[in-house]
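Engineer: Chains as they are written, first to last, in the working numbering: chain A, 642 to 1007; chain B, 642 to 1007; chain C, 642 to 1007; chain D, 642 to 1007.
Positions of the beta carbon are idealized from the N, C-alpha and C atoms, including for glycine.
Computed from a prediction, not measured in an experiment: that's the story for all the values here.
There are 4 protein chains.
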Amino acid sequence: MSTDRPDLADNILRAYLSDNAVGASPEILAAVVAAGAGVAAPYGEDPLSAGVADRLSIAFEHPVDVFPVATGSAANGIALAALTPPWGAVLCHPDAHIANDEAGAPEFFTNGAKLVPVDGANGKIDPDLLREAATRRRGDIHSVQPAVLSITQATETGSVYSIDELSALTTIARDAGLRVHMDGARFANALVALGATPAEMTWMLGVDVVSFGATKNGAMTADAVVSFDPALATELAFRHKRAGQLTSKMRFQTAQLAAYLADGLWLRNAARANEMARRLRDGFAVTPGVEVLGDDAIGEATANIVFCRFPEELSTDLRDRGFDFYAGRWERGVVRLVTSFAHTERDIDALLTATREALRSRAVAV
Amino acid sequence: MSTDRPDLADNILRAYLSDNAVGASPEILAAVVAAGAGVAAPYGEDPLSAGVADRLSIAFEHPVDVFPVATGSAANGIALAALTPPWGAVLCHPDAHIANDEAGAPEFFTNGAKLVPVDGANGKIDPDLLREAATRRRGDIHSVQPAVLSITQATETGSVYSIDELSALTTIARDAGLRVHMDGARFANALVALGATPAEMTWMLGVDVVSFGATKNGAMTADAVVSFDPALATELAFRHKRAGQLTSKMRFQTAQLAAYLADGLWLRNAARANEMARRLRDGFAVTPGVEVLGDDAIGEATANIVFCRFPEELSTDLRDRGFDFYAGRWERGVVRLVTSFAHTERDIDALLTATREALRSRAVAV
Amino acid sequence: MSTDRPDLADNILRAYLSDNAVGASPEILAAVVAAGAGVAAPYGEDPLSAGVADRLSIAFEHPVDVFPVATGSAANGIALAALTPPWGAVLCHPDAHIANDEAGAPEFFTNGAKLVPVDGANGKIDPDLLREAATRRRGDIHSVQPAVLSITQATETGSVYSIDELSALTTIARDAGLRVHMDGARFANALVALGATPAEMTWMLGVDVVSFGATKNGAMTADAVVSFDPALATELAFRHKRAGQLTSKMRFQTAQLAAYLADGLWLRNAARANEMARRLRDGFAVTPGVEVLGDDAIGEATANIVFCRFPEELSTDLRDRGFDFYAGRWERGVVRLVTSFAHTERDIDALLTATREALRSRAVAV
Amino acid sequence: MSTDRPDLADNILRAYLSDNAVGASPEILAAVVAAGAGVAAPYGEDPLSAGVADRLSIAFEHPVDVFPVATGSAANGIALAALTPPWGAVLCHPDAHIANDEAGAPEFFTNGAKLVPVDGANGKIDPDLLREAATRRRGDIHSVQPAVLSITQATETGSVYSIDELSALTTIARDAGLRVHMDGARFANALVALGATPAEMTWMLGVDVVSFGATKNGAMTADAVVSFDPALATELAFRHKRAGQLTSKMRFQTAQLAAYLADGLWLRNAARANEMARRLRDGFAVTPGVEVLGDDAIGEATANIVFCRFPEELSTDLRDRGFDFYAGRWERGVVRLVTSFAHTERDIDALLTATREALRSRAVAV
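Below, the structure written as structure tokens:
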């Protein structure tokens, strides 16, 4: 992405609203075009689609069943519906996407299971609270029954559970007889932040099903349900079909996933996004007037999201300069900046420079 | 598509299994690549997505709400859920895709509405049977209540309802207080076959919502719910979201639809597919031993599907020659051949020649 | 019920519309009153409720799980939801109550499973048609999957499957991997008609769950889900609770069931109803102008429903004389008369006499 | 209930676990027996059932639609499903029965709507928190939409909203476009505590639908959905049927409701239960070592539930003496005692005496 970006006025990418606001990786677009040629069996019976399951099995060092979907919400909904009965409780962080940002999609897919919040600092579920929730009212016919632990990795705040933190949670869950789901909308960002293997971060800890995100990290419209439990395959397949997610020309989705996984593109893209976040954090850390928040601030692994506290006018000034990001959505004075595979050092430095200029102008003005 | 097709051994396309087995139109692939550049607001807030609603409003000569989806099943499920209460009956032909080929997706989306078959010749609902079904057990608390007429245009057999036939059905439905849904997986093929306008084939007859197919006719993975009733917009939007169909990088779907609609590509593609079917039919009609079935046989408008009766060995022989199509799936000796925008006269003639050769060899052998 | 019935003008019961139009057995009312005294643990934790499971286990010669419900529709819905996944097909006769008379309750309870009709003469599923349906499109991701056989015993027409007929169906179902449900709204009537034991008519044939009807045969508002498969117990319990069927003062339901099962009341009531139907049939058989229909006519076992063909005026004349029954609902000229535990020989003879008088008057008039 | 209670060893009722642990009022049992005689049209078409709607319309001074149900959970589920779309949020107190004690029944009935807790002291929703929640993320496609306010009157803690408190909440709800549901499992207890009319406590404040409880206050197994909005009647009727709540012999439920409403039985029973709670509270208030909690303690209106803080051993000692109640379920040291229509002054005094004796013994022992 160091190439020309003629659509950007001065070749500076100023979009920090979300990692879904930038386009797709050129490699992925090229793969889609290549997939467009010729004849292929529909509904995933084509070689490209079969190859993706193989690639993911190799990447995860475990046989997997793969179901491409158009959105992360679909992946989450299908996965959860296969893991919980309708009278089950899905334990998740109160900030989780499934709890907040899917307009009740999990409840629709699961026929009315209940999302039960389990709080914790920095967007991470607290193990002690989980321990209590995992057995709450077990066997009580008047209550939903704890059934699934859903972990978001990386979290909504950009923090990343360490392997030890994950292990603590999944151990509690398994001990209590719960299934484990991982919402991996930013799976690669977490992986790269930890320097772990896909296996270490999932099935080796007891994760049953991953919502494997690719869209935010360079794909167009392709995420996938990735399951480690062959006993779930039939149920997942029919839920996938009934949800209207089994595409006829599936090769156009699996071409994206194949290119995403080939030659380490997914890891390169994620590493780039994470590095840009770190560069931004490091720059803000030495910018008087800006306070970096979250795990970033305490030296823990983080992904491609930066939470800061800005003086009120700063957000306005930066937006006036064309930068786009959320301010005040979570808390007054708190801003969120999301970097992506498409950001360059030059882009980050432009934002840091603009920040300092804006702060200086205001200071002078006063 | 008269261009080189290097992936085809002798440059002959032998795929007649379904129109979803061929790739995408080059124009659509190019549009997707173009959409990949630069920044865009997610979840359909981008100009490309807004433009598609405008284009479709112009094409239909009526303001429409548009919800892009990954599959026709999703379009049908979302549309039907907005048109029927859970205790409603959806009246459709027994051969309808919603009744047979979606593994119960409509029941999932509608929270358990009932698909009630209304039979008729040539894949078309019989008006007299519809009249009876449209008021059956109306007001009887022990029975599901007729709520929606779902018409497939073009039908599963490739037949095409005339405007008069559609009008007869929609009049019966409206008189009985039913909403009208059109499953338009092959909408353009029907339109071109009739020489009608989109308006004439839909809202002018009382159609409320169309499942607007593009995938089978040249797009990659983009169909859409198109609604003429603004009162349904909010419900459709939330059902679309909860179904996991609201994509973050929606521009990659709407780029497909925009290119599909631009410069009449959709009509050109459909016309090509229909013409190729006609060429095939005309060729078979003068091939002793082959019997053409359906509306084709009686000179009615038809789309891009040809049903024939083949001598048993003929199917085997043609498959041996690399041709792919369904044989014996519906009835012993009956074959289905589906043409597409990607087929050329040369392709069709190759199939006809192969047919005659195969018949001749067998005759000689005997 | 041979006692005084002061509410009936001339002590003649003229109600043949349904067996749910008469009141409850005095023994059952007395048991409910007795249950009203004193304190009891709620939600089925009381001794009366525990006792019903024991009684049914003894009656069925098999350990059972029992879930009292307010209606047969609830029993059917809960049972089916535990036996089929949402993408399953429930195979049943087209006349089945679940298919026709529950306004889509099974679809609601199962989250959208599909009821697939399997036809057959006299209200009974045809084994050959079942054999075909039981494996239809097995493994095809585009289709619902055969999951449950639901048998109505006695059937909607009053016919009763013989043990051999049941065995033929359940063998086909088990061989195809289907679960078996029995809608026993008139279970006791069938049992008595066959002279079989509850075990012989259910689990010994492979039935998994019975909707055990008591209401039509003398109870007030108490039917029950009776399951022979302990693996279903937890799921049934939570579905029962979530459906709003777990009553706090359950003893008022289980008191009905206990009295129903005690001292053979259920069998006596059913025998009485069946005998009255036979008396009616025998009387009609020798009444010129009336044609008895169904299994009755061929000497097979039947329950407490009589289908006849009446001259048109006869229905009118009998209704004028205060008799209540369905006429012309299924077919022009066809009437249905349902007898119950509350009918006496005197009641039946009064109807036969009235029939002959009516026919004679008309004959004279002509 | 001052009559002999031969089932109670020394004629002392020691059951304070819940008001559903005692039997039914003699008047109601007698009505059920009377209903058992004679013939009646099924499914609520009988005069007794029609009469209940009339009686309730008179009691509420407003035309109402009435749907008898077997449980309060069914009433709540059916009512909420008619008031919220699946993507709606139902705002309720975190202690509400619908949120805690129905194993997800509301989610099942509503096809996955979300219960959103709105906290407040003494089991009552806080108006300021409601104001915020009632418009939270309105119009945001990624979030469930506030749709219904569900008020529990009397609350789970036995507190009773004053008319002014109710009015404050319903005004906020109506202003925000929300529908209003009242869970009236203890409706009569609240009514009597306030000295209000049914109209004043419901539709005059903007309540749309009430879950009208009778079971806890003397009926056997009969509650009802009572709707003030005729536009909801059809939907409620079909949801009631599909939930398996439309009983064939409905007269046995409506006989209970008719007797409950006749001659003020419902108000007498509730007044008795409330008075007994007050007597208990007054007695505890002057018992050193016992601390009365909740609205009781500040002189506000309360229903038939008493929350106290007991010395740990006291609970044990009273249970040893045969008294039954919840201790430590909500909080260590906190007990709940529920009185009912069946309790007498003598019963209450026996509990107070036992309490003092137990405390004295322990004091002496120390």
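Report the residue ranges of all beta strand (DSSP E) runs contained in full by the stretch 936 to 975 of chain A; include only those spanning at least 3 residues, in chain order.
Structural biologist: 946 to 950
Engineer: Could you tell me whether any Cβ in chain C is nearer than 8 Å to the Cβ of P768 (chain B)?
Structural biologist: no
Engineer: Using DSSP with H/G/I as helix, E/B as strand and the rest coil, what is V933 (chain B)?
Structural biologist: strand
Engineer: Can you tell me whether R919 (chain B) sits near the ligand HEM, meaning its C-beta is under 7 Å from at least one heavy atom of the ligand?
Structural biologist: With respect to the ligand HEM, the structure shown offers nothing to examine, as it has no ligands at all.
Engineer: In angstroms, rounded to a whole number, what distance separates the CA positions of N858 (chain D) and A829 (chain D)?
Structural biologist: 8 Å
Engineer: Expressed to the nearest angstrom, what Euclidean distance is found between the alpha-carbon atoms of T875 (chain D) and V731 (chain A)?
Structural biologist: 34 Å
Engineer: Does the distance from the CB of V801 (chain B) to the CB of T943 (chain B) come in under 8 Å?
Structural biologist: Contact annotation: V801 (chain B) and T943 (chain B) have beta-carbon atoms nearer than 8 Å.
Engineer: Taking V759 (chain B) as the reference, which of B:Y967, B:R1001, B:P787 and B:T843 has the closest Cα?
Structural biologist: Taking only the C-alpha atoms, the option nearest V759 (chain B) is B:P787.
Engineer: Along chain D, in chain order, which residues have C-beta atoms closer than 8 Å to that of K882 (chain C)?
Structural biologist: Those within 8 Å of K882 (chain C) in chain D are S714, E743, A744 and A746.
Engineer: Suppose contacts are defined by Cβ-Cβ distances below 8 Å. Is K824 (chain A) in contact with S868 (chain A) by that definition?
Structural biologist: According to the sequence shown, residue 824 (chain A) is Asp rather than Lys. Not a contact, by the Cβ cut-off of 8 Å.
Engineer: Determine, for M642 (chain D), whether the minimum Cβ-Cβ distance to residues of chain C falls below 8 Å.
Structural biologist: Confidence is the limiting factor: at M642 (chain D) the pLDDT is only 40, short of 50, which leaves the residue's position unreliable and the question unanswerable from this model.
Engineer: Who are V710 (chain B)'s beta bridge partners in DSSP?
Structural biologist: Bridge partners of V710 (chain B): B:D864.
Engineer: Three-state secondary structure (DSSP) at H738 (chain D)?
Structural biologist: Three-state result, H738 (chain D): helix.
Engineer: Using DSSP with H/G/I as helix, E/B as strand and the rest coil, what is L790 (chain A)?
Structural biologist: strand
Engineer: Would you kindly check if the distance between the Cβ of G745 (chain A) and the Cβ of V785 (chain D) is under 8 Å?
Structural biologist: yes
Engineer: Using 8 Å as the limit for Cβ to Cβ distance, is T856 (chain A) near chain B?
Structural biologist: yes
Engineer: Can you name the residues of chain B whose CB is closer than 8 Å to the CB of M861 (chain A)?
Structural biologist: V673, G677, K890 and F893
Engineer: Here's the rule I'm using: 16 or more other beta-carbon atoms within 10 Å means buried, otherwise exposed. How should R987 (chain C) be labelled?
Structural biologist: exposed
Engineer: Answer yes or no: do G935 (chain C) and R950 (chain C) have a C-beta to C-beta separation smaller than 8 Å?
Structural biologist: no
Engineer: Just to confirm my understanding: we take D651 (chain A), look at its own chain, exclude 5 residues before and 5 after, and list those with CB closer than 6 Å. What are they?
Structural biologist: The beta carbon of D651 (chain A) sits closer than 6 Å to none of the beta carbons in its chain outside the five residues before and after it.
Engineer: Is it right to say I669 (chain C) is buried, meaning 16 or more other beta carbons lie within 10 angstroms of its own, or is it exposed?
Structural biologist: buried
Engineer: Please state the DSSP three-state secondary structure of D904 (chain B).
Structural biologist: Reduced to three states, the DSSP call for D904 (chain B) is helix.
Engineer: Where I989 (chain B) and A834 (chain B) are concerned, what is the direct C-alpha to C-alpha distance, given to the nearest angstrom?
Structural biologist: 19 Å
Engineer: Tell me whether V1005 (chain B) is buried or exposed, calling it buried when 16 or more other Cβ atoms sit within 10 Å of its Cβ.
Structural biologist: Result: exposed.
Engineer: Check whether the stretch 901 to 916 of chain D and the stretch 757 to 776 of chain D touch, using three or more Cβ-Cβ pairs below 8 Å as the test.
Structural biologist: no
Engineer: Could you name the residues of chain C that N752 (chain A) contacts, counting a contact when the two beta carbons are closer than 8 Å?
Structural biologist: P727 and N752
Engineer: Along the stretch 783 to 798 of chain D, where does the CB come closer than 7 Å to a CB of chain A? Name the residues.
Structural biologist: So the list reads H783, S784 and V785, given in the order they occur along the chain.
Engineer: My output table needs one value for M642 (chain C): the three-state DSSP class, helix, strand or coil.
Structural biologist: Reliability fails at M642 (chain C), whose pLDDT of 39 lies under 50, so the model's placement of it is uncertain and the value that follows must be treated cautiously. In the structure shown, M642 (chain C) adopts coil according to DSSP, grouped into three states.
Engineer: In chain B, which residues lie less than 8 Å from P688 (chain A) when you measure between Cβ atoms?
Structural biologist: By Cβ distance, chain B contributes nothing, its closest Cβ being about 12 Å from P688 (chain A), past 8 Å.
Engineer: Suppose contacts are defined by Cβ-Cβ distances below 8 Å. Is V607 (chain A) in contact with V707 (chain A) by that definition?
Structural biologist: An answer regarding residue 607 (chain A) cannot be provided, because it is not within the stretch 642 to 1007 covered by chain A.
Engineer: Report the CB separation of L721 (chain B) from V789 (chain B) in whole angstroms; it is logged as a contact under 8 Å.
Structural biologist: 6 Å
Engineer: If we define contact as Cβ-Cβ less than 8 Å, is K755 (chain C) a contact residue for chain B?
Structural biologist: yes
Engineer: Could you please give me the residues that DSSP links to F853 (chain D) through a beta bridge?
Structural biologist: D:G825 and D:A865
Engineer: For S659 (chain D), does the three-state DSSP call read helix, strand or coil?
Structural biologist: coil
Engineer: If I measure Cβ to Cβ from H703 (chain B) and keep anything under 7 Å in the same chain, skipping five residues before and after, which residues do I get?
Structural biologist: A840, W844 and F869
Engineer: Beta carbon of L689 (chain C), beta carbon of A676 (chain C): below 8 Å?
Structural biologist: yes
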